[in-house]
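J.: One line per chain: the protein sequences are H and C, in this order. Just so you know, the first sequence maps onto residues 6 to 298 in the numbering used here. Just so you know, the second sequence maps onto residues 6 to 298 in the numbering used here. Every residue gets a Cβ at the ideal spot worked out from N, C-alpha and C, and that includes glycine. As the structure is a computational prediction, the values presented were derived from the model and not from experiment.
Number of protein chains: 2
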Amino acid sequence: MLLPSLPFLTQAHAPLTCEIDAVNEYGERHQVSIPAERALTVYVDKRELVTLMTLGAHPELLVLGYLRNQRLVESVRDIESVTVDWEVGAAAVKTRHGIADIEEKTARRVVTTGCGQGSIFGGLMDEVDRIELPPDASITQSQLYSLVNTIRLKETTYKSAGSVHACALFAMTTGDPDLLLFVEDVGRHNAIDTIAGWMWMQDKKVESEANKVFYTTGRLTSEMVIKSAQMNVPIVVSRSGITQMGHQVAQSVGLCAIGRATNKRFVCYTHAGRLRLEPGLVSRPEAVAPLQG
Amino acid sequence: MLLPSLPFLTQAHAPLTCEIDAVNEYGERHQVSIPAERALTVYVDKRELVTLMTLGAHPELLVLGYLRNQRLVESVRDIESVTVDWEVGAAAVKTRHGIADIEEKTARRVVTTGCGQGSIFGGLMDEVDRIELPPDASITQSQLYSLVNTIRLKETTYKSAGSVHACALFAMTTGDPDLLLFVEDVGRHNAIDTIAGWMWMQDKKVESEANKVFYTTGRLTSEMVIKSAQMNVPIVVSRSGITQMGHQVAQSVGLCAIGRATNKRFVCYTHAGRLRLEPGLVSRPEAVAPLQG
Numbered sequence: 006m007l008l009p010s011l012p013f014l015t016q017a018h019a020p021l022t023c024e025i026d027a028v029n030e031y032g033e034r035h036q037v038s039i040p041a042e043r044a045l046t047v048y049v050d051k052r053e054l055v056t057l058m059t060l061g062a063h064p065e066l067l068v069l070g071y072l073r074n075q076r077l078v079e080s081v082r083d084i085e086s087v088t089v090d091w092e093v094g095a096a097a098v099k100t101r102h103g104i105a106d107i108e109e110k111t112a113r114r115v116v117t118t119g120c121g122q123g124s125i126f127g128g129l130m131d132e133v134d135r136i137e138l139p140p141d142a143s144i145t146q147s148q149l150y151s152l153v154n155t156i157r158l159k160e161t162t163y164k165s166a167g168s169v170h171a172c173a174l175f176a177m178t179t180g181d182p183d184l185l186l187f188v189e190d191v192g193r194h195n196a197i198d199t200i201a202g203w204m205w206m207q208d209k210k211v212e213s214e215a216n217k218v219f220y221t222t223g224r225l226t227s228e229m230v231i232k233s234a235q236m237n238v239p240i241v242v243s244r245s246g247i248t249q250m251g252h253q254v255a256q257s258v259g260l261c262a263i264g265r266a267t268n269k270r271f272v273c274y275t276h277a278g279r280l281r282l283e284p285g286l287v288s289r290p291e292a293v294a295p296l297q298g
Numbered sequence: 006m007l008l009p010s011l012p013f014l015t016q017a018h019a020p021l022t023c024e025i026d027a028v029n030e031y032g033e034r035h036q037v038s039i040p041a042e043r044a045l046t047v048y049v050d051k052r053e054l055v056t057l058m059t060l061g062a063h064p065e066l067l068v069l070g071y072l073r074n075q076r077l078v079e080s081v082r083d084i085e086s087v088t089v090d091w092e093v094g095a096a097a098v099k100t101r102h103g104i105a106d107i108e109e110k111t112a113r114r115v116v117t118t119g120c121g122q123g124s125i126f127g128g129l130m131d132e133v134d135r136i137e138l139p140p141d142a143s144i145t146q147s148q149l150y151s152l153v154n155t156i157r158l159k160e161t162t163y164k165s166a167g168s169v170h171a172c173a174l175f176a177m178t179t180g181d182p183d184l185l186l187f188v189e190d191v192g193r194h195n196a197i198d199t200i201a202g203w204m205w206m207q208d209k210k211v212e213s214e215a216n217k218v219f220y221t222t223g224r225l226t227s228e229m230v231i232k233s234a235q236m237n238v239p240i241v242v243s244r245s246g247i248t249q250m251g252h253q254v255a256q257s258v259g260l261c262a263i264g265r266a267t268n269k270r271f272v273c274y275t276h277a278g279r280l281r282l283e284p285g286l287v288s289r290p291e292a293v294a295p296l297q298g
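#1: Out of C:H252, C:D50, C:V188, C:A41, which one is the CA nearest neighbour of C:T199?
#2: At what residue ranges does the segment 140 to 181 of chain C contain a whole run of the alpha helix (DSSP H), taking only runs of 4 or more?
#3: According to DSSP, is H:S86 part of a helix, a strand, or is it coil?
#4: Below 7 Å on C-beta distance, what does H:E30 contact in chain C?
#5: Report buried or exposed for H:K217, applying the criterion of at least 16 other Cβ atoms within 10 angstroms of its Cβ.
#6: Buried or exposed for H:L66, please, with buried defined as at least 16 other CB atoms from any protein chain shown within 10 angstroms of its CB.
#7: Leaving out five residues before and five after C:E24 in sequence, what residues of the same chain have Cβ atoms less than 6 Å from its Cβ?
#8: Tell me the residue span of the alpha helix (DSSP H) that contains C:K232.
#9: Would you please verify whether the beta carbon of C:R135 is less than 8 Å from any beta carbon of chain H?
#10: Going by DSSP, which residues form a beta bridge with H:I240?
#11: By the 10 Å Cβ neighbour count, where 16 or more other Cβ atoms means buried, how is H:G285 classified, buried or exposed?
#12: How many angstroms separate the CA atom of C:T162 from the CA atom of C:S151?
#13: Just the C-alpha distance for H:S243 and C:L185, rounded to the nearest angstrom, thanks.
#14: If we cut at 8 Å on Cβ distances, does C:P239 have a partner in chain H?
#15: Applying the criterion that 16 or more other CB atoms from any shown protein chain within 10 Å of the CB defines a buried residue, is C:N154 buried or exposed?
#16: Got a sec: is the Cβ-Cβ distance from H:T100 to anything in chain C below 8 Å?
#17: Under a Cβ-count criterion, where at least 16 other Cβ atoms within 10 Å of its own Cβ denotes burial, should C:T221 be classed as buried or exposed?
#18: Which of helix, strand or coil does DSSP assign to C:R193?
#19: For a contact meaning CB atoms closer than 7 Å, what does H:H252 contact in chain C?
#20: Taking the Cβ atom as the reference point for each residue, do C:V254 and C:V272 lie within a distance shorter than 8 Å?
#21: Is the beta carbon of C:K232 closer than 8 Å to that of C:A201?
#22: Taking DSSP's pairing of strands, which residues face C:A95 in a bridge?
#23: Could you tell me the distance, in whole angstroms, from the CA atom of C:S10 to the CA atom of C:V47?
#24: Run through chain C and tell me which residues come within less than 9 Å of H:L282, C-beta to C-beta.
#25: So, under 8 Å CB-CB, H:R265 and H:G246 are touching, yes? Tell me the CB distance rounded to an integer number of Å.
#26: Have a look at H:V93, H:A105, H:P64, H:A17 and flag the residue whose alpha-carbon is nearest the alpha-carbon of H:D83.
#27: Below 6 Å CB to CB, which residues in the same chain sit around C:P139 once its five sequence neighbours on both sides are set aside?
#28: Counting only the same chain and skipping the five closest in sequence on each side, list residues whose C-beta sits under 8 Å from that of C:K51.
#29: For the beta strand (DSSP E) containing H:R73, list its first residue and its last residue.
#30: From this set, C:T88, C:L60, C:E53, which residue's C-alpha is nearest C:L69's C-alpha?
#31: Apply the 10 Å Cβ neighbour rule to H:V191 and answer buried if 16 or more other Cβ atoms are within range, or exposed otherwise.
#32: Among residues of its own chain, excluding the 5 on either side of C:C172, which ones have a beta-carbon nearer than 6 Å to its beta-carbon?
#33: Check whether the Cβ atoms of H:F13 and H:S86 sit closer than 8 Å, and answer yes or no.
#34: Identify the contact partners of H:Y274 in chain C, using a Cβ-Cβ distance below 9 Å as the criterion.
#35: Under the rule that 16 or more other beta-carbon atoms within 10 Å means buried, what is H:Q16, buried or exposed?
#36: Does DSSP put C:H252 in a helix, in a strand, or in coil?
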């Protein structure tokens with residue numbers, strides 16, 4: 006049977022940073038660059054669903070990923086088009102058959118810990134138990150360092166304007182990790198949802214790949230870990246730490262959570278079996294400062 | 006006329022951190038401390054309203070501040086009691102007369118940029134235009150440094166476990182700022198809502214004080230700036246930066262937004278007139294690295 010085609014997406018663009026006047030500690034006026042933050046109101050079949058506050062780099066993919074991660078739409082092919090118009094700050098989603106019991110699906114509200122897109126509608130947690138991550142997926146210590154270095158070298162809005170979170174998706178091969186997508190947003194949940202939207206558009210090609218690694222600058226809270234697992238990503242690397250519930254979920258779904266990953270340092274919180282350590286790869290400095298959780 | 010009394014609040018306690026086993030870059034197993042993250046489901050007059058993910062340090066004040074900042078309850082005295090039971094992760098709110106049109110008030114959903122409590126129900130923005138912050142409130146450069154140093158010296162969950170945001174409220178006098186309340190949470194919006202709840206419990210005593218300063222480790226996004234303004238706080242200090250919408254709102258309400266505040270450095274983004282600079286207070290180092298926005 007012939008599948009319906011993938012959704013049509015606009016390519017709406019808007020400036021990601023702006024210059025403002027500021028005063029520093031010497032009383033000097035100078036210009037600083039700050040990241041954009043704009044409201045994007047999502048309409049599904051002309052019905053207002055939600056307003057997302059976003060940097061605006063990939064609004065169409067963000068909306069797709071939001072609909073996906075909120076479990077409002079089952080298949081990307083149920084969506085005919087996503088039309089973003091920054092003039093009015095609106096994203097118009099046209100579905101092929103509407104969304105069944107959208108009222109019910111959007112009724113329960115969980116306000117979460119994560120940065121950015123903090124509201125997940127109920128039911129997200131319920132799925133966790135059913136998740137089975139690829140058992141053999143792993144990453145070597147050198148691959149981890151290569152991944153962290155790839156992020157470090159990127160030209161980013163963060164470097165120019167600060168105050169944004171970044172997410173990245175890597176495909177693991179035998180060699181260095183292959184950067185598939187790098188996303189920044191004012192909210193880290195927007196960033197991960199944008200990646201989810203992008204993966205959706207790749208059909209099952211990326212999804213079914215066993216060895217994927219998700220990187221985030223943000224903390225590994227419950228929602229971040231759940232969303233990673235739902236995208237079938239068995240390894241998550243963060244520049245920050247982890248919370249108790251993030252740790253519990255990672256433990257239970259078999260996700261390898263690595264935090265505090267900067268330069269050669271890291272802390273592997275869960276399922277260290279997926280991390281293939283290479284003894285002697287790093288030489289111990291005179292004194293190692295203790296890392297925070 | 007006799008006012009109804011302030012609400013009765015339980016004093017529910019739960020551990021704020023836990024120890025987990027981790028593996029570091031040398032392959033060594035060691036224990037790290039991570040912050041708690043627990044679900045607190047809020048019931049208003051037995052009706053489920055929302056589930057907040059929180060560290061759990063001040064659940065009763067968090068719930069109060071949430072109801073206040075979501076504009077669901079007008080006066081703290083409309084609330085009879087907030088009863089938190091960590092055994093079941095529930096906060097039972099008993100109002101005196103119920104909440105009028107709660108359905109309508111909780112209908113529109115704005116998913117915001119901020120960490121933590123990312124969902125604000127509609128109408129929050131609508132109020133901004135009506136806000137008038139005390140025109141004469143100001144802070145001297147030395148007071149700013151004293152404030153930042155007070156935060157630096159605090160014993161915190163962040164120092165022991167990382168991955169939490171902190172907020173603090175200071176009263177300004179002629180001398181050093183007076184720390185009124187210091188709150189940490191896994192979500193920075195929970196932290197500011199907890200402060201809002203605490204201020205509510207002080208009646209108008211703190212609220213009406215002209216010279217207050219709000220400190221946050223988090224970014225100054227639109228929602229953080231709006232919430233500060235709604236609490237009649239004219240000066241906000243952040244360790245992080247500001248977003249474009251946070252900047253716009255601060256400009257329009259007359260709020261002095263100061264970011265990147267660490268040691269002696271800072272960037273004053275808006276209404277620098279409230280910041281009384283003291284030339285020569287800081288001596289310029291050989292080379293000053295540019296600060297991000």
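T.: Short version:
#1: C:V188
#2: Segments of the alpha helix (DSSP H) lying fully in the segment 140 to 181 of chain C: 146 to 158, 162 to 166.
#3: strand
#4: Neighbours of H:E30 on chain C, chain order: K269, R270, F271, V287.
#5: buried
#6: buried
#7: Q36, S38
#8: 227 to 235
#9: no
#10: H:V218, H:C261
#11: exposed
#12: Taking the straight line joining both Cα atoms gives about 21 Å.
#13: 34 Å
#14: Taking Cβ atoms only, chain H never reaches closer than 8 Å to C:P239, which makes this a no.
#15: Classification for C:N154: exposed.
#16: Answer no: the Cβ-Cβ gap between H:T100 and chain C never drops below 8 Å.
#17: That one is buried.
#18: helix
#19: I25, I39
#20: no
#21: A contact, by the Cβ cut-off of 8 Å.
#22: C:T46, C:D90
#23: Each residue's Cα considered, the two are about 22 Å apart.
#24: V28, E30, Y31, G32
#25: 6 Å
#26: H:A105
#27: A215, P239
#28: A97
#29: Run containing H:R73: none in the beta strand (DSSP E); it sits in the alpha helix (DSSP H), 64 to 74.
#30: C:T88
#31: buried
#32: Within the same chain, C:C172 has close Cβ partners V188, A196, I197, I200, T221.
#33: yes
#34: I25, D26, A27, V28, V37, I39, listed in chain order.
#35: Exposed, since its Cβ has fewer than 16 Cβ neighbours within 10 Å.
#36: Helix at C:H252.
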